[in-house]
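Participant: Residue numbers (my numbering): 9 to 612.
All C-beta atoms in this analysis are idealised placements derived from N, C-alpha and C, irrespective of residue type, glycine included.
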Amino acid sequence: METTENKKELLRGGQFLVKETKAEDIFTPEDFTEEQKMMRDSVKEFVDREIWPKKEEFEKKNYALTEEVMGKAGELGFLGVAVPEKYDGLGMGFVSTMLVCDYISGATGSIATAFGAHTGIGTLPILLYGNEEQRKKYVPKLATGEWFGAYCLTEPGAGSDANSGKTKAELTEDGKSYKINGQKMWISNAGFASVFIVFARIQDDKNITGFIVEYDKENPNGITFGEEEKKLGIHASSTRQVFFNDTVIPAENMLSERGNGFKIAMNALNVGRIKLAAASLEAQRRVTDVAVKYANDRVQFKTPIAKFGAIKLKLAEMATSAWVGEAASYRAAKNIEDRINLRQEAGESHSDAELKTFEEYAIECSILKVACSEDVQNCSDEGIQVLGGMGFSADTPMESAWRDARIARIYEGTNEINRMLAVGMLIKKAMKGHVDLLGPAQAVGEELTGIPSMDKPDFNELFAEEKDMIKKLKKVFLMVAGSAVQKFGQDLEEHQQLLLAASDILIEAYMAESGILRAEKNVKRFGDDAQKEQIAMAKLYLYHAVDTVNQKAKEGIASFAEGDEQRMMLMGLKRFTKYDRMPNVVELRNTIAEKLTSENKYCF
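Spelled out as structure tokens, the structure:
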């Protein structure tokens, strides 16, 4: 068990918006323990030996290779990082879980998907919701890779509306078994899984129920499969429809309680979302790495293209999104790990501590899923552009990286659903009194109607203006969301475009703050000179965040405010997004790009 330092105040989920976070209180990748560094290096070595050289085979839809690699990952303990030792796992903390997911996922989306589906939604529901007998029976085999897991939720008519599934579970007359009938689709790992987490409805229950269903090729028990789906990317990820025709399972294979399936599904997705953010990071590092090496080698007009400003721009932006994504993902991961440990220290069971904590940080999980999945798509797109015609060729890894990245914006809940969830959950937390949004929102309202201060702040200290800007971006969210809640109340969820705009403000505030705090913490311990490129990345990301917030807030304000109210809010927005000293964006990008090209790799 990794220990927790309880000297700092640990922010609850969503509180980052209304409480100040100090740089020394966040966890960054530079804080990895020696054990975590060893784990990272062993995963990287495994990927470079077993996955990266066989990339072409994965693109040829070699599903057997995916199963073989997953088996080897199980032998090395990578599938059981998050599983307690008593179930044959490694029993490591959540940061280590994220780290393994991060570094095993970058070489091909096929393994990223197989790994994520197995360790997350395939294993965790049993670990978190199963009774002790179920855990003892299934989890050790899943943790070691003896069996593989899959998760059967989506149906032809039930995608984002997960609770509307039509698969039925009927109790047999003797009360000893359930008979399952129905159809599931887009099931990752279906082709080689031995254990399926299946969601079905009992009679006319309002909510679905979860079941553990075993599959044995010798005794299929009414389980049949569709052909492998033909997909844009993740070619060697087994994805099939699964059909249940009078599939009989023991009554004791019900997971948790009757009608608890929707809750299981949603909480499993919270974990999946933050792990999907992690799974997007190494892909960005590798894509940036390939782009930097190519830009240094490719000579046009007697000059390596890495020397051209247009290429420097792309390389700098690619590296920045990866670096800030790391900052935000590991910041949240450590908050989750610390909260789990605090709950366990207070006497809660491992499963209860994890369940309550993932539910608590659901806002951050959705934020990270959206931000990192979109960054990996942009990064791979720019990677293709840096390579030009070669980027479009299947002979280089860029085109498969681009195709593999596309699914990340769809699964674990589409990015549109996650955007609306993030704001919706934050407002619900405020209504329950878990996050005080009302007081800060009222304060922003008073600030808008008051006389602006003419005092010029002292921004001479490093990051003083940037931290002030982040406070102001949070005020923009409070201004827009607070006014929208006042205007629409419970009907706010019907105004989806407004929620999407507000969500982008929330996302940018969290991501930009994470970058600034990571750079500030590292400057304090390593010095300005050693961190000048990191300083540049933190400032560059914030610059873009301010632009995004400005645009989305205007869109939101114009959608519900008119006349004097609109003018007042737009004036407030102008004040909240105004730099005192505008950063030299070209200089920031050049600083980052020159470090990358001199090192000839992603070096942060």
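I'd like the list of long-range same chain contacts for Q539, defined as Cβ closer than 6 Å, with 5 residues on each side in sequence excluded.
Facilitator: These residues qualify, in order along the chain: N530, V531.
Participant: Going by DSSP in three states, T585 sits in which element: helix, strand or coil?
Facilitator: In this structure, T585 counts as coil in the three-state DSSP scheme.
Participant: Measuring straight from C-alpha to C-alpha, what distance separates T217 and V295?
Facilitator: Going by the C-alpha atoms only, they are around 41 Å apart.
Participant: If you scan the stretch 241 to 265 from start to end, which runs of the beta strand (DSSP E) of 3 or more residues do you find wholly inside it?
Facilitator: As far as the stretch 241 to 265 is concerned, its whole beta strand (DSSP E) runs of at least 3 residues are 247 to 258.
Participant: I'd like to check one pair, V250 with A198: are the Cβ atoms closer than 8 Å?
Facilitator: Their beta carbons are under 8 Å apart, which means A198 touches V250 by this criterion.
Participant: Is L445 helix, strand or coil when you go by DSSP?
Facilitator: Residue state, collapsed to three classes: coil.
Participant: Distance check for E521 and S337, CA to CA, integer angstroms please.
Facilitator: If I take the Cα positions, the gap works out to 12 Å.
Participant: Measuring straight from C-alpha to C-alpha, what distance separates V108 and T116?
Facilitator: Cα to Cα, the separation comes out at about 15 Å.
Participant: Let me know if N592 comes out buried or exposed under the rule of 16 or more other beta-carbons within 10 Å of its beta-carbon.
Facilitator: Its Cβ having fewer than 16 others within 10 Å, N592 is exposed.
Participant: When DSSP labels each residue in this structure, what does S185 get in the three-state scheme?
Facilitator: DSSP places S185 in strand when its eight states are reduced to three.
Participant: For the alpha helix (DSSP H) containing Y159, name the first residue and the last one.
Facilitator: Careful: Y159 lies outside any alpha helix (DSSP H), inside the beta strand (DSSP E) at 157 to 160.
Participant: Please confirm whether V300 and Y610 have their CB atoms less than 8 Å apart.
Facilitator: Yes.
Participant: Would you check if the distance between the CB atom of E407 and the CB atom of I392 is smaller than 8 Å?
Facilitator: Yes, they are a contact pair.
Participant: Check the DSSP bridge columns for A177 and list the partner residues they point to.
Facilitator: In the DSSP output, where bridge partners are listed per residue, A177 has I188, I210.
Participant: Taking the alpha-carbon positions, what's the I600 to I313 distance?
Facilitator: Going from the Cα of I600 to the Cα of I313 covers about 16 Å.
Participant: Is it true that the CB of E474 sits closer than 8 Å to the CB of K547?
Facilitator: Their beta carbons are under 8 Å apart, which means K547 touches E474 by this criterion.
Participant: What residue range is occupied by the uninterrupted alpha helix (DSSP H) comprising G79?
Facilitator: It spans 71 to 83 - the alpha helix (DSSP H) in which G79 sits, taken as one unbroken run.
Participant: Check A166 in the structure and name its three-state DSSP category.
Facilitator: Reduced to three states, the DSSP call for A166 is strand.
Participant: Distance, Cα to Cα, S567 vs M439?
Facilitator: So the two alpha carbons sit approximately 24 Å from each other.
Participant: Count the other CB atoms, across all protein chains shown, that sit within 10 Å of the CB of D383; report buried if there are 16 or more and exposed otherwise.
Facilitator: Per the 10 Å Cβ criterion, buried.
Participant: Give the DSSP-derived three-state secondary structure of T11 in the structure shown.
Facilitator: Any reading at T11 must be qualified, since the residue scores a pLDDT of 45, below 50, and its modelled position is unreliable; the value itself is stated next. Coil at T11, not helix or strand.
Participant: For L19, which three-state DSSP category applies?
Facilitator: It is coil, neither helix nor strand.
Participant: Shortest alpha-carbon distance to K328 belongs to which of N268, L289, L363, A341?
Facilitator: With the sequence shown as reference, residue 328 is identified as Thr, and Lys is not the correct amino acid for it. The shortest Cα separation from T328 among N268, L289, L363, A341 belongs to L289.
Participant: Give me the Cβ distance between H126 and L84, rounded to the nearest whole Å; I'm assuming they're in contact under 8 Å.
Facilitator: The pair is not a contact, with the Cβ atoms about 14 Å apart (cut-off 8 Å).
Participant: Specify whether the stretch 68 to 85 and the stretch 23 to 42 touch according to this definition: at least 3 beta carbon pairs, one from each stretch, less than 8 Å apart.
Facilitator: Short answer: they don't touch.
Participant: Compute the distance between the beta-carbons of A527 and C380, then report whether it is under 8 Å.
Facilitator: Cβ atoms of A527 and C380: not closer than 8 Å.
Participant: Could you tell me whether the stretch 96 to 108 touches the stretch 167 to 175, using the rule of 3 or more Cβ pairs below 8 Å?
Facilitator: These segments do not touch.
Participant: Kindly indicate the opening and closing residues of the alpha helix (DSSP H) around I435.
Facilitator: Its alpha helix (DSSP H) spans residues 423 to 440.
Participant: What does the alpha-carbon distance come out to for the pair E607 and D297?
Facilitator: Each residue's Cα considered, the two are about 10 Å apart.
Participant: Could you spell out the range, first to last residue, of the beta strand (DSSP E) harbouring V554?
Facilitator: Where V554 is concerned, there is no enclosing beta strand (DSSP E), although the alpha helix (DSSP H) it sits in stretches over 540 to 568.
Participant: Assess contact between the stretch 503 to 514 and the stretch 426 to 439, defined as three or more Cβ pairs (one per stretch) separated by less than 8 Å. Is contact present?
Facilitator: Touching, yes, given that three or more Cβ pairs across the two stretches are closer than 8 Å.
Participant: Within its chain, find whatever has a CB closer than 8 Å to the CB of Q385; leave out the 5 residues flanking it on each side and keep chain order.
Facilitator: Within the same chain, Q385 has close Cβ partners W410, A413, R414, A416, R417.
Participant: Report the option in M577, N423, L136, G114 whose CA atom is closest to the CA atom of K52.
Facilitator: It is G114 whose Cα lies nearest to the Cα of K52.
Participant: Can you tell me whether DSSP reads V91 as helix, strand or coil?
Facilitator: V91: coil per DSSP, three-state reduction.
Participant: Can you check which of these residues, V77, Q44, L321, N70, is closest to M545 by C-alpha distance?
Facilitator: The shortest C-alpha separation from M545 is found at L321.
Participant: Would you kindly report the start and end of the unbroken beta strand (DSSP E) that includes I231?
Facilitator: I231 -> beta strand (DSSP E) spans 231 to 233.
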